[in-house]
Amino acid sequence: RKAFDLLVKARLVQKISAASPGLPLGATANQKKFKTAMLDIGLLQRLCQVPVEMELKQKDLLAMYRGKLAEQFVAQELLALQDTPIYYWAREVKGSNAEVDFLIVCNGSIYPVEVKSGASGSLKSLHLMLKTFPDCPGGIVLYSGAYKELSDQKLTFLPLYNVSSLCDHTLV
46 RKAFDLLVKA
56 RLVQKISAAS
66 PGLPLGATAN
76 QKKFKTAMLD
86 IGLLQRLCQV
96 PVEMELKQKD
106 LLAMYRGKLA
116 EQFVAQELLA
126 LQDTPIYYWA
136 REVKGSNAEV
146 DFLIVCNGSI
156 YPVEVKSGAS
166 GSLKSLHLML
176 KTFPDCPGGI
186 VLYSGAYKEL
196 SDQKLTFLPL
206 YNVSSLCDHT
216 LV
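By the numbering used here, the letter at position 17 of the sequence shown is numbered 62, and the numbering carries on one by one without gaps.
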């Protein structure tokens, strides 16, 4: 535990606490329930110890790491965009492991953000959160596909590289 705290203090690792979608996000943060992001995506790749030759031969590098690189990329971008901590949502019910990757505040509203490494994948946790917290105006899915909206499900799909425009008023 001390070693981890030193890594956080040195800013090599970012602690991302679980929070409920209420303003301000930090007021509901659970400091004991957290996930982490590395300082740099290159450091994460190096720690995974996958030979460079294997990485270069991959058609979909993001899929190779089971989505961790995509989530790491988004965490780094969110940290660069704001000078405040970032949070995620984890369901507070025993026996449930529902989780949404990030919570962001745009124009005074909280939006859940799910990161997918591929063009497909389950969004059960995101749908559950939107149902549980109807005050959230909609969810955002960052993935390797093109922009699209599913208005009936209150979802906006954006390419991963659009993370820096999440709060652009034309998107949310």
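Beta carbons are placed, not taken as given, at the ideal position from N, Cα and C, and that holds for glycine.
On the premise that I131 lies in contact with L114, defined as a C-beta separation below 8 Å, what is that separation, rounded to the nearest angstrom? Going by Cβ atoms, the distance from L114 to I131 rounds to 17 Å, so no, they are not a contact pair.
Let me check one thing: in DSSP terms, what residues is T177 bridge-paired to? Bridge partners of T177: none, in fact.
Indicate the three-state DSSP secondary structure (helix, strand or coil) for C151 in the structure shown. strand
Are the segment 205-215 and the segment 187-196 touching by the rule of at least three beta carbon pairs closer than 8 Å? yes
Taking 7 Å as the limit between beta carbons, can you name the residues of its chain near K193, skipping five residues before and five after? F202
Opposing strand residues paired with G184 [DSSP bridges]: L200
Segment limits, alpha helix (DSSP H) that includes Q59: Unbroken run through Q59 is the beta strand (DSSP E), V58 to A63; no alpha helix (DSSP H).
Run through DSSP, which three-state label would Q76 get? strand
Since I believe L200 is in contact with L148 (beta carbons under 8 Å), could you give me their beta-carbon distance rounded to a whole number of angstroms? Contact doesn't hold; Cβ gap of about 15 Å is too wide.
In terms of alpha-carbon separation, which member of G153, Q94 and K161 lies closest to V119? K161
How many Å lie between L171 and W134 at the Cα? 9 Å
Based on Cα-Cα distance, which residue from K102, Q117, M174 and G183 lies nearest to Q59? Q117
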